[in-house]
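Below: the structure, in structure tokens.
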Ligand SMILES: Cc1cc2nc3c(=O)[nH]c(=O)nc-3n(C[C@H](O)[C@H](O)[C@H](O)COP(=O)(O)O)c2cc1C
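Residue numbers (this note's numbering): 3 to 247.
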């Protein structure tokens, strides 16, 4: 192993932060680390809104389902998939832009994920903690309005950054054999592996210092997937010019 891989393997989300601020120059370095991620066809379609205003933060915390760390973290960023500036690039060269393709939705969204994970990793290397906030999509239209997002820009998730005021245990992931297949897809041994993983996760949840649970992974996921998943998303994305074809 090396220090980078050890850092990756010790990742855990942080949901409680100290009051210590992060110099803006450090944030800009993290953003540059994010920008260094690979980007499909050099599209560079991630825009980040840094939310400083306290009232806006409090409102976003509410819109995300009452996640108070959105208001508390030293820095709160909203990662937006953004094809707006590509419209500008096309206008600059008198090229009509063909937008609305599902492919463009995938690349724009993927860009945000790759960018953000680079930011997270760089932040962790500086001793910072983070948590993604997909909860923003609970009320995505209000989030979009609050941040004055134009067409072709949608908020994918938020990210809290700050110095950790907690030290949670690392959450075990699925066994490698479940996620790494050889030559073709097979789920032959998945159930056995997932059973073992369920036991491991139950032990993790029973032993951890906060939010103790008595569930394995499969039960947790089955209960989540038994419910609708933000059914407003398709119409919202279409209203912003995505997923037309
Ligand atoms: C796109 C995305 C959205 C997430 N949204 C939330 C969220 O709204 N609130 C939260 O507390 N954690 C959120 N998380 C964190 C996950 O719950 C967490 O990463 C997962 O349980 C694994 O735990 P770990 O990060 O501590 O290893 C999100 C993670 C991702 C990648």
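The beta-carbon is built from N, C-alpha and C at its ideal position, and this holds for glycine as well.
Mapping the DSSP letters down to three states, classify residue i as helix, strand or coil.
| i | result |
| --- | --- |
| residue 92 | helix |
| residue 132 | strand |
| residue 53 | coil |
| residue 236 | helix |
Would you mind working out which of the options sits nearest residue i, comparing C-alpha positions?
| i | options | result |
| --- | --- | --- |
| residue 217 | 161, 229 and 197 | 197 |
| residue 48 | 33, 84, 56 and 63 | 84 |
| residue 195 | 179, 185, 70 and 32 | 179 |
| residue 212 | 237, 200, 181 and 172 | 172 |
| residue 74 | 206, 165, 190 and 187 | 165 |
| residue 8 | 16, 21 and 126 | 126 |
I want to check one thing, is the minimum distance from the CB of residue i to the heavy atoms of ligand 1 below 8 Å?
| i | result |
| --- | --- |
| residue 232 | no |
| residue 206 | no |
| residue 173 | yes |
| residue 66 | yes |
| residue 14 | yes |
| residue 157 | no |
| residue 129 | no |
| residue 45 | no |
| residue 134 | yes |
| residue 166 | no |
| residue 23 | no |
For the beta strand (DSSP E) containing residue i, list its first residue and its last residue.
| i | result |
| --- | --- |
| residue 160 | 155 to 164 |
| residue 83 | 77 to 84 |
So the alpha helix (DSSP H) residue i belongs to, where does it begin and stop?
| i | result |
| --- | --- |
| residue 116 | 104 to 127 |
| residue 181 | 178 to 181 |
| residue 21 | Unbroken run through residue 21: none, as it is neither H nor E. |
| residue 2 | Nothing can be reported for residue 2: it is not among the residues displayed for the chain, which extend from 3 to 247. |
| residue 10 | 5 to 11 |
| residue 142 | 142 to 148 |
| residue 213 | Per DSSP, residue 213 belongs to no alpha helix (DSSP H) and is neither H nor E. |
Does the Cβ of residue i lie closer than 8 Å to at least one heavy atom of ligand 2?
| i | result |
| --- | --- |
| residue 17 | As presented, the structure is devoid of ligand 2, carrying ligand 1 as its sole ligands. |
Examine the Cβ distances between the region 57 to 73 and the region 23 to 34 and report whether three or more of them are shorter than 8 Å.
no
Say whether the region 109 to 117 touches the region 77 to 97, bearing in mind that this needs 3 or more beta-carbon pairs closer than 8 Å, one atom from each stretch.
yes
Is it a yes or a no for the region 132 to 143 touching the region 186 to 194, going by three-plus beta-carbon pairs under 8 Å?
no
The region 147 to 159 in contact with the region 223 to 242 per 3-pair CB rule at 8 Å
yes
For the region 84 to 104 and the region 39 to 54, state whether three or more C-beta atom pairs, one from each stretch, are separated by less than 8 Å.
yes
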